[in-house]
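In the working numbering, the protein residues as written are -9 to 397. Note that beta-carbon positions come from the ideal geometry of N, C-alpha and C, so glycine has one too. Source: prediction; values computed, not measured. In what follows, a single structure is set out as structure tokens and then discussed.
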């Protein structure tokens, strides 16, 4: 029981509740950072050319209903590829507030003002153009459920289809659509029939039997993708009422003459979710979630190994990575773009940090540790963080109507 003179202290409150209750203070601290950002840390990943992979981030806008619920924008995108997460915290004494600014760097970052065309031209367009020249490439969507992942993927489907038929000039275009649900593989253009993964003599892995449908217009291609998408396994989750519980791989093949063909693989990965949300699921949903997390972990490890030029890439450990084997081969013959989507809502801070740390690993940046500067209040917290991160920048949080410097 609290002392009546101790003020309105909230005890045993979770982080999400604390952020809502102290929204004005935390929001002001994030805004001060935007007005005077810390100097960006040096990038520790390899060059894009050496990695053969680009990792980009898209931040969706914060929704009006989130603001009405007391949430605030906890992510800032800065040019050219810098993303900062404003992690609002409360000290265990339930009195002092502080904020950690987690700093990440990627090949490109798209803020909430970037439209679908801008995102497409900065990510998938070059891969589509390369496919028309006989090359192969992959675009992957990765992120928390509700972060705008599927929304962005749909726009890429549409724009890729338009560009393919604008440049195909009468050449044959075919499409296949595979769903990976748990340990099972299904052909979504053959009424969801099951298929097995087969290894060819050259080591490539493909689903069999698998229908490839010829299409002659972008409208036909998009109609097939929409039909296949409606058959995907969805289930209500604690985050989103139509969350995809499977990975979808749409492969578009373009004839390039003399027996050659180019291809684009568009991958809409199952929504990643945090253990906080998984706690609301039944046993079956938790089991599905575990398999989703296992496949995403395998994918992350393969991309990390590819980005760091590892001699051994364990793509055989999971069906998803088997199907995407071409992404991991050295030699620069297969370009890959990963688009990580994040929600700016303060309640999703842990989700967004998780997504961005995984994206760092895919980007070849070690273990995905962000640079962290902090707004702090109170000597105890300052000393604790200074012991673990000597270079942390120390600031004191103040209410927005307070006066005086905040350094």
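How would you call residue i, buried or exposed, if buried means at least 16 neighbouring beta carbons within 10 angstroms?
i: residue 330; result: buried
i: residue 252; result: buried
i: residue 277; result: exposed
i: residue 312; result: buried
i: residue 90; result: buried
i: residue 259; result: buried
i: residue 192; result: exposed
i: residue 217; result: exposed
i: residue 85; result: exposed
i: residue 57; result: exposed
i: residue 100; result: buried
i: residue 173; result: exposed
i: residue 299; result: exposed
i: residue 194; result: exposed
i: residue 51; result: exposed
i: residue 345; result: buried
i: residue 393; result: In this predicted model, residue 393 has a pLDDT of only 28, less than 50, meaning its place in the structure is not dependable; the value taken from the coordinates is given anyway. Exposed, since its Cβ has fewer than 16 Cβ neighbours within 10 Å.
i: residue 92; result: buried
i: residue 166; result: buried
On the premise that residue j lies in contact with residue i, defined as a C-beta separation below 8 Å, what is that separation, rounded to the nearest angstrom?
i: residue 162; j: residue 245; result: 4 Å
i: residue 398; j: residue 336; result: For the chain, the structure presents residues -9 to 397; residue 398 sits outside this window and is missing.
i: residue 215; j: residue 240; result: 6 Å
i: residue 318; j: residue 294; result: So it is not a contact: roughly 10 Å between Cβ atoms.
i: residue 206; j: residue 237; result: So it is not a contact: roughly 28 Å between Cβ atoms.
What is the rounded straight-line gap between the Cα of residue i and the Cα of residue j?
i: residue 28; j: residue 138; result: 28 Å
i: residue 305; j: residue 21; result: 43 Å
i: residue 81; j: residue 112; result: 41 Å
i: residue 279; j: residue 247; result: 43 Å
i: residue 332; j: residue 310; result: 22 Å
i: residue 302; j: residue 315; result: 12 Å
i: residue 4; j: residue 79; result: 10 Å
i: residue 273; j: residue 76; result: 34 Å
i: residue 118; j: residue 352; result: 22 Å
i: residue 25; j: residue 68; result: 11 Å
i: residue 130; j: residue 109; result: 13 Å
i: residue 178; j: residue 219; result: 8 Å
i: residue 183; j: residue 132; result: 26 Å
i: residue 292; j: residue 326; result: 12 Å
i: residue 143; j: residue 149; result: 10 Å
i: residue 308; j: residue 18; result: 45 Å
i: residue 72; j: residue 45; result: 12 Å
Specify, as a first and last residue, the run of the beta strand (DSSP E) that residue i falls within.
i: residue 200; result: Premise fails: residue 200 is in no beta strand (DSSP E) and is neither H nor E.
i: residue 44; result: 43 to 49
i: residue 93; result: 87 to 95
i: residue 326; result: 324 to 332
Under DSSP, the alpha helix (DSSP H) around residue i begins and ends at which residues?
i: residue 285; result: 273 to 297
i: residue 152; result: 139 to 157
i: residue 59; result: No alpha helix (DSSP H) contains residue 59, which DSSP labels as neither H nor E.
Would residue i pass as an interface residue toward chain C - the criterion being a Cβ-Cβ separation below 8 Å?
i: residue 76; result: Among the chains of the structure shown, chain C does not appear; only one protein chain is present.
(message) So within the segment 94 to 127, which uninterrupted beta strand (DSSP E) runs reach at least 3 residues, ignoring any that extend past its ends?
(response) For the beta strand (DSSP E) assignment, the uninterrupted runs of no fewer than 3 residues enclosed by the segment 94 to 127 are, from N- to C-terminal side, 98 to 100.
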